[in-house]
Amino acid sequence: MHKSYLATILGLDPQIEHTCIASSSNRRCQKTISLEYRNRARGQLERGSRLFQLDQDVTSVLEQVASLLLCAGAHLQQTGEFVSKWQGILAERNKNRELEASHRRLLMPDGFREEADIDTVKDFYERVLASRKGRTGVERGAGNLKTSSEVGSTRDTKVAEQSGNVKVRPVQPQPVEGECAICLASLLQEVSGPLCSEYSGEEREPGAQYDAERWVWCRQFCGTNYHRTCMERWIEGRKSRQPSTRPTCPTCCAEWVS
Numbered sequence: 012m013h014k015s016y017l018a019t020i021l022g023l024d025p026q027i028e029h030t031c032i033a034s035s036s037n038r039r040c041q042k043t044i045s046l047e048y049r050n051r052a053r054g055q056l057e058r059g060s061r062l063f064q065l066d067q068d069v070t071s072v073l074e075q076v077a078s079l080l081l082c083a084g085a086h087l088q089q090t091g092e093f094v095s096k097w098q099g100i101l102a103e104r105n106k107n108r109e110l111e112a113s114h115r116r117l118l119m120p121d122g123f124r125e126e127a128d129i130d131t132v133k134d135f136y137e138r139v140l141a142s143r144k145g146r147t148g149v150e151r152g153a154g155n156l157k158t159s160s161e162v163g164s165t166r167d168t169k170v171a172e173q174s175g176n177v178k179v180r181p182v183q184p185q186p187v188e189g190e191c192a193i194c195l196a197s198l199l200q201e202v203s204g205p206l207c208s209e210y211s212g213e214e215r216e217p218g219a220q221y222d223a224e225r226w227v228w229c230r231q232f233c234g235t236n237y238h239r240t241c242m243e244r245w246i247e248g249r250k251s252r253q254p255s256t257r258p259t260c261p262t263c264c265a266e267w268v269s
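Take any residue in the sequence shown, count from 1 to its spot, add 11: that is its number in our numbering.
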């Protein structure tokens, strides 16, 4: 089972690590944490991931996780220390987001960079969606969503490389969590007009169907997810700037396969 976004940032893996997360005499405490508590902690980390991606306070989640993963004997009183440490890690992560966004803009084609250099992500999405609707003339609705069989068929299709017509194994998308690697906004946000809204609880379940109308992924190599609208504009920018060059994945630079 994959680690949640928050678990990855904090370096926690309660699914595999079965002992107390505190240390004694410079060694990790060997007292066992029950499977029930570890599963509850994993659920809290999943919940915290969604809150953190939406810039909401996760203090209560961190407190729950710490109390579940610290042994009841010697280390439970360190809950506050762990929460403070984790808050510092998350604050540093938030601080670095703008630096990452600036770096990503430097790597963007000129045309797309102009679209990204606007005041808010919300405005950026409104302009992207307006452009997309203008091209297609069709607004996305329930009738446009792909069925499970259609998405499954797409995933199972082998992609032929442009050079040599060689068949390669299909690359599966990474878990839909964290940020779009182009705009650095949460993948778990949907823009439907002037406001960003969070997906429903059912849509955010780990086993939920991959919505190919909302997201695309690098099928050639890394499996990184992007908002479909972001990737469409990325490709347009590359084509306008370098018409003779095929678009590539912004993350791994492999040739982009639609």
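Even for Gly, the Cβ is constructed at its ideal location relative to N, Cα and C.
Distances from the alpha-carbon of residue 262 to those of 75, 232, 244 put 232 closest. Residue state for residue 28 is assigned as coil, using DSSP reduced to three classes. Here residue 35 is bridged, per DSSP, to 38. For residue 228, no alpha helix (DSSP H) run applies; the uninterrupted beta strand (DSSP E) run containing it begins and ends at 226–228, by DSSP.
Looking from the CA of residue 190, the closest CA among 35, 38, 64, 55 belongs to 64. Within the DSSP secondary-structure output, residue 236 pairs in a beta bridge with 228. Annotated three-state conformation of residue 220 is coil, per DSSP. For the pair of segments examined, the stretch 64–84 was found to touch the stretch 33–44: the number of CB pairs separated by less than 8 angstroms reaches three. Taking C-beta separations shorter than 8 angstroms and ignoring five residues to either side along the sequence, the partners of residue 70 in its chain run 94, 98, following chain order.
For residue 195, the closest alpha carbon among the candidates 107, 55, 31, 86 is that of 107. For residue 60, the three-state secondary structure derived from DSSP is helix. Contact annotation, residue 236 with residue 187: C-beta distance approximately 6 angstroms; criterion of less than 8 angstroms satisfied. For residue 88, the three-state secondary structure derived from DSSP is helix. Per DSSP, residue 21 is one residue of the alpha helix (DSSP H) stretching across 16–21.
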